[in-house]
Amino acid sequence: MVTTLSADRLAELRDEGAEFTLVDTRPEDSYEAWHAPGAINFPFGLDESLDGRLSEFEETVGDAERVITICAKGLSSGNFATELESATDEYDVQTVDGGMKGWSGVYDHVDLGAELEFELDERELTIVQLQRRAKGCLGYLVGCAETGEAVVVDPTADVDEFEVAAEEADLSIVGVIDTHVHADHVSGGRDLADSLDVPYYLGARADERDVEFDFTGLERNEVLPVGERELKALAAPGHTSEMINLLVDDAALLTADTLHVDSTGRTELEFNQDEGEEGARMLYETLHRTILAEPEGVVVLPGHVTVTSDGEFEHGAPGDPIATTVRDARTGIDLLAMDEEAFVDRMADAGEEPANYEEIIDRNRGELELAPEDRVELELGPNNCSA
């Protein structure tokens with residue numbers, strides 16, 4: 001009988017350097033668009049038989065001994081694992097429970113206070129970066145160890161991950177902030193705030209995005225105290241018109257999709273074709289007059305890291321801090337060296353758009369109701385939020 005393993009266990013095996021061959025049974029186009037790290041493709045249907053294809057599989061995997069199968073939801077990969085186990089005893093066969101849907105829910109919690117040197121005159125700053133491996137979404141828990149209070153910034157719909165992070169840090173969540181109306185993933189912001197009965201914040205200009213639920217608007221340069229910590233809301237339009245970035249104790253800047261570690265955010269997901277230039281000029285001004293105006297030692301903590309079609313982080317690795325500084329961004333990101341006209345031209349061709357982004361925006365504005373079982377499928381695929 002084929003045994004199953006969780007997506008979290010698959011991540012552990014990969015991190016441990018365990019020997020196995022990961023076989024993705026989805027159609028080739030789905031595999032090519034986005035797959036787990038190290039996976040090889042052997043398309044196989046839900047009702048298909050391995051009869052006549054065993055030699056083909058053996059050529060595909062070579063001298064593999066341990067085979068782990070994965071597909072979209074664990075159905076066709078489960079069928080293939082069963083067929084393979086029945087056909088030969090050459091392999092130790094397992095299948096991933098929930099397939100790529102399960103993989104989409106794997107997170108790493110990184111204690112940035114322990115990993116990075118924040119310039120705080122010996123004051124203790126708690127920031128936990130929650131990394132979603134499959135999508136590259138980066139959310140944050142920002143807290144004050146002295147008072148035990150914390151806020152969550154840009155949570156995904158897997159809100160239990162953020163509650164666990166708070167419990168692990170011995171903090172209580174007193175507020176939830178979304179920096180903007182997200183286009184690449186379903187936000188868990190208002191769900192988490194509602195379940196904990198705490199305030200839910202967006203930038204004050206979110207009123208202009210036709211947001212259809214109650215929120216507390218953070219005005220330009222408004223300071224939100226969290227225990228003895230201070231979060232200052234910086235207006236940062238460009239990726240979206242209502243975007244805010246959050247300056248934490250003048251030491252760390254949560255830049256969401258304004259600035260990533262190796263690129264900037266794209267500008268056309270909210271703005272239509274006629275307004276695309278306006279968004280690009282807004283982002284250019286935000287980057288040069290707001291972000292790069294901060295002291296060079298300020299740590300930049302982005303809202304995403306790009307995940308390649310091969311399932312790898314394009315910068316850094318899961319479990320390591322995804323961060324840069326104002327200084328390193330200024331000197332290391334080519335887009336920041338462009339003049340305004342060149343930057344605007346570059347933003348006109350930002351690359352492939354996130355999958356289903358219009359429906360995701362509508363859900364995050366409150367216009368579209370979405371059943372929990374439907375949200376992961378809506379999000380499947382790379383985030384594509386960088387330019």
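Just so we're aligned, residue 1 is where the sequence shown starts under UniProt numbering, counting upward by one. Note that CB positions come from ideal geometry on N, CA and C, so glycine has one too.
Residue interval of the alpha helix (DSSP H) (run including residue i)
i, result
"V164", "V159 to E168"
"I361", "Y357 to R365"
"T60", "L54 to V61"
"T88", "Element bounds for T88: n/a, residue is neither H nor E."
"A114", "L112 to E115"
"D194", "G189 to L196"
"M338", "Looking at the DSSP string, M338 is not in any alpha helix (DSSP H), and its letter there is neither H nor E."
"V186", "That residue, V186, is in no alpha helix (DSSP H); it is neither H nor E in DSSP."
Which residues DSSP lists as bridging residue i, in chain order
i, result
"L229", "Note that residue 229 is Arg in the sequence shown, not Leu. Bridge partners of R229: V226."
"T264", "L259"
"Y201", "I177 and T216"
"T325", "V299"
"D154", "Bridge partners of D154: none, in fact."
"Y107", "R132"
"H304", "C137"
"G148", "Looking at the DSSP assignment, G148 forms no beta bridge with any residue, so it has no partner."
"T3", "Q94"
"S386", "G265"
"F313", "V307"
"residue 394", "Outside the shown range of the chain (1 to 387) lies residue 394, about which nothing can therefore be said."
"V376", "V376 is not bridged to any residue."
"G143", "T126 and A150"
"A252", "V248 and V299"
"S172", "E149"
Residue range of the beta strand (DSSP E) that includes residue i
i, result
"R132", "T126 to R132"
"I244", "I244 to V248"
"M92", "Sequence check: residue 92 is Asp here, not Met. Here the beta strand (DSSP E) through D92 covers D92 to V96."
"R66", "R66 to I70"
Spatial distance of residue i from residue j (CA atoms)
i, j, result
"G189", "A323", "23 Å"
"A11", "E340", "42 Å"
"T156", "L50", "39 Å"
"D349", "E294", "28 Å"
"L120", "I360", "Low local confidence applies: a pLDDT of 49 at L120 is under 50, so the model's placement there is unreliable, and no value is given."
"A165", "Y107", "11 Å"
"E379", "P372", "12 Å"
"P225", "G148", "13 Å"
"F80", "F313", "29 Å"
"I70", "G319", "23 Å"
"L13", "R229", "38 Å"
"V152", "D15", "27 Å"
"V344", "R289", "16 Å"
"D154", "S187", "7 Å"
"E58", "E90", "10 Å"
"N245", "G203", "9 Å"
"G311", "A134", "7 Å"
"A145", "V174", "13 Å"
"T306", "P354", "12 Å"
"L269", "L22", "34 Å"
"S309", "W103", "14 Å"
"L335", "T267", "13 Å"
"D184", "L370", "15 Å"
"H239", "K101", "28 Å"
"S6", "H315", "26 Å"
"C385", "G265", "6 Å"
Would you call the segment 361-372 and the segment 83-94 in contact, with 3 or more CB pairs under 8 Å?
no
Across the segment 279-289 and the segment 156-172, are there enough close Cβ pairs to call them in contact, namely three or more that are closer than 8 Å?
no
Sequence ranges, beta strand (DSSP E) only - wholly within the segment 5-48, length at least 3
21-24
For the segment 300-309 against the segment 128-142, are there 3 or more C-beta pairs whose distance is under 8 Å?
yes
Validate contact between the segment 329-339 and the segment 258-271 using beta carbons, cut 8 Å, 3 pairs
yes
For the segment 48-66 and the segment 28-36, state whether three or more C-beta atom pairs, one from each stretch, are separated by less than 8 Å.
no
Is there contact between the segment 225-237 and the segment 93-111, where contact requires at least three CB pairs shorter than 8 Å?
no
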